[in-house]
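A.B. asks:
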Ligand SMILES: *Cc1c(COP(=O)(O)O)cnc(C)c1O
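Numbering (the numbering used here), first residue to last: 6 to 384.
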């Protein structure tokens, strides 16, 4: 089955009770048993829920994995992965991470005795010197947020395999439409389904997809034991979102290209970060591992500071000033004061998140209206 068919039918069956084409929202916490243990595979909704199960099966299908797990948020999904570790273990992670991931690693899991090394993985040679006998996990985000660095997943997976390490890839920005990390050698794919998978800015959810049975069992155990699961209504919404993922992504990519090209020729723009440009330092890797380049773009205007960047995002009318990304509507954000405010300024600027940086999540509106809006806001 090809990707565009998998988004709609992958691992899906029609409802057994009445033939409902969409899985019903099983809004129930528990399931009747005829005798203790006599049930139809569902006992309690933290452990299993039929609507969540349908979503988890769809997730496994679109990421070319075998097992899917859905969580209450993207961070809850990451939290579950980190709970595979124990005190003394070490993690090597991308340095320009999603701010919330950085906060979870450095402010929560450091306290539990896990050590993190944050490296610029677009240069994979930076990884090996950090590996020692305590290293257990490599955490990759690509494209990175918000600098749009591209990390060579195949190259990192070779390092992970040679050293017997788990490789997890946050695939939130790319989505399986653009890249499928399991096929590139990753053990775990993670999503903030809040973003492109949901696609309509109406739900917060996280997901993990794996191929290996033993790893899946460990993660299912953590999912049930820690309990950060998503509800049936949210499962239904994300399952619905996935059915249009491929058509939305196609338009996100087209509009992303149009907006990136407009910004690149604008006389007031200093720099545009978008992996589709041949001048992007990792364009070749992006071309190799991604089908297209997506709708996430960051840019800096010339000679500008914190105030100037804030003014531009306040001036936008079609783009909404908001956190988050990946919905049908275009959003603009100011990472230094919003998504990345939890990262110390010095550390932030080292990876390029300067005060003047603006991040766009280009939606699926008409590209002409998006460009006109940027034109009036930048001046
Ligand atoms: C939003 C996001 C997360 C966190 O997901 P939540 O659903 O907000 O908990 C993690 N990684 C990336 C790349 C994100 O954009």
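From the three backbone atoms N, C-alpha and C, an ideal C-beta is built for every residue, glycine too.
Provide the residue span of the alpha helix (DSSP H) that contains residue 175, from first to last.
C.D. replies: It is not in any alpha helix (DSSP H) - residue 175 instead sits in the beta strand (DSSP E) that spans 171-175.
A.B. asks: In chain order, what are the residue ranges of uninterrupted beta strand (DSSP E) at least 3 long that sit wholly in the region 207-248?
C.D. replies: If we require 3 residues or more, the beta strand (DSSP E) runs fully inside the region 207-248 come out as 211-215.
A.B. asks: What would DSSP say about residue 350, mapped onto helix, strand or coil?
C.D. replies: Looking at residue 350 - three-state DSSP - the assignment turns out to be helix.
A.B. asks: With distance defined between alpha-carbon atoms, name the residue in 83, 383, 82, 233 nearest to residue 268.
C.D. replies: Among 83, 383, 82, 233, the Cα nearest to that of residue 268 is on 383.
A.B. asks: With DSSP run on the structure shown, which of helix, strand or coil describes residue 95?
C.D. replies: Correct three-state label for residue 95: strand.
A.B. asks: Cα separation between residue 114 and residue 93?
C.D. replies: Each residue's alpha carbon lies about 11 Å from the other.
A.B. asks: Spell out the partners DSSP gives residue 75 in its beta bridges.
C.D. replies: Answer is 212.
A.B. asks: Buried or exposed for residue 68, going by 16 or more other Cβ atoms inside 10 Å?
C.D. replies: Label assigned to residue 68: buried.
A.B. asks: In whole angstroms, give me the CA-to-CA distance for residue 120 and residue 100.
C.D. replies: Their backbone Cα atoms lie some 14 Å apart in a straight line.
A.B. asks: Below 8 Å on the Cβ atoms is my contact criterion, and I expect residue 370 with residue 323 to pass it. Report the Cβ-Cβ distance as a whole number of Å.
C.D. replies: Yes, residue 370 and residue 323 are in contact; Cβ-Cβ is about 6 Å, under 8 Å.
A.B. asks: Enumerate in chain order the residues of its own chain whose CB-to-CB distance from residue 200 is below 6 Å, with the five nearest sequence positions on each side excluded.
C.D. replies: If we look at residue 200 and ignore the five residues flanking it on each side, its Cβ neighbours are 177, 330, 331.
A.B. asks: Taking residue 109 as the reference, which of 95, 81, 131 has the closest Cα?
C.D. replies: Ranking the options by Cα distance to residue 109, first place goes to 81.
A.B. asks: Going by C-alpha distance, which of 314, 337, 315, 317 is nearest residue 385?
C.D. replies: Because the chain in this structure spans residues 6 to 384, residue 385 falls outside the shown range and cannot be described.
A.B. asks: In the DSSP assignment, the alpha helix (DSSP H) including residue 251 goes from what residue to what residue?
C.D. replies: Counting along the chain, the alpha helix (DSSP H) containing residue 251 begins and ends at 250-270.
A.B. asks: Taking its Cβ as the centre, do 16 or more other Cβ atoms sit within 10 Å of residue 76, making it buried, or is it exposed?
C.D. replies: Flag for residue 76 reads buried.
A.B. asks: Relative to the alpha-carbon of residue 318, which residue among 70, 381, 181 has its alpha-carbon at the smallest distance?
C.D. replies: Among 70, 381, 181, the Cα nearest to that of residue 318 is on 381.
A.B. asks: From which residue to which residue does the beta strand (DSSP E) around residue 278 run?
C.D. replies: It spans 274-278 - the beta strand (DSSP E) in which residue 278 sits, taken as one unbroken run.
A.B. asks: Am I right that residue 8 and residue 251 are in contact with their C-beta atoms under 8 Å? What's the rounded C-beta distance?
C.D. replies: About 6 Å separates the two Cβ atoms, so the contact holds.
A.B. asks: With a 10 Å radius around its C-beta and 16 neighbouring C-beta atoms as the bar for buried, classify residue 289 as buried or exposed.
C.D. replies: Residue 289 should be labelled exposed.
A.B. asks: When you compare the CB positions of residue 140 and residue 116, do they come within less than 8 Å of one another, or not?
C.D. replies: The answer is no: Cβ separation not under 8 Å.
A.B. asks: Can you give the Cα-Cα distance for residue 223 and residue 198, rounded to whole angstroms?
C.D. replies: Those two C-alpha atoms are separated by around 21 Å.
A.B. asks: Taking the alpha carbon of residue 230 as the point to measure from, which residue in 106, 30, 49 has its own alpha carbon closest?
C.D. replies: Cα-wise, what sits closest to residue 230 is 49.
A.B. asks: Helix, strand or coil: which one does DSSP assign to residue 358?
C.D. replies: If DSSP states are grouped into helix, strand and coil, residue 358 belongs with coil.
A.B. asks: Note the first and the last residue of the continuous beta strand (DSSP E) segment covering residue 146.
C.D. replies: 140-146 is the extent of the beta strand (DSSP E) around residue 146.
A.B. asks: Given residue 228, which residues of its chain have a CB within under 8 Å of its CB, disregarding the five upstream and five downstream residues?
C.D. replies: Hits under 8 Å: 74, 76, 85, 234.
A.B. asks: Between residue 145 and residue 124, is the Cβ-Cβ spacing less than 8 Å?
C.D. replies: Not a contact, by the Cβ cut-off of 8 Å.
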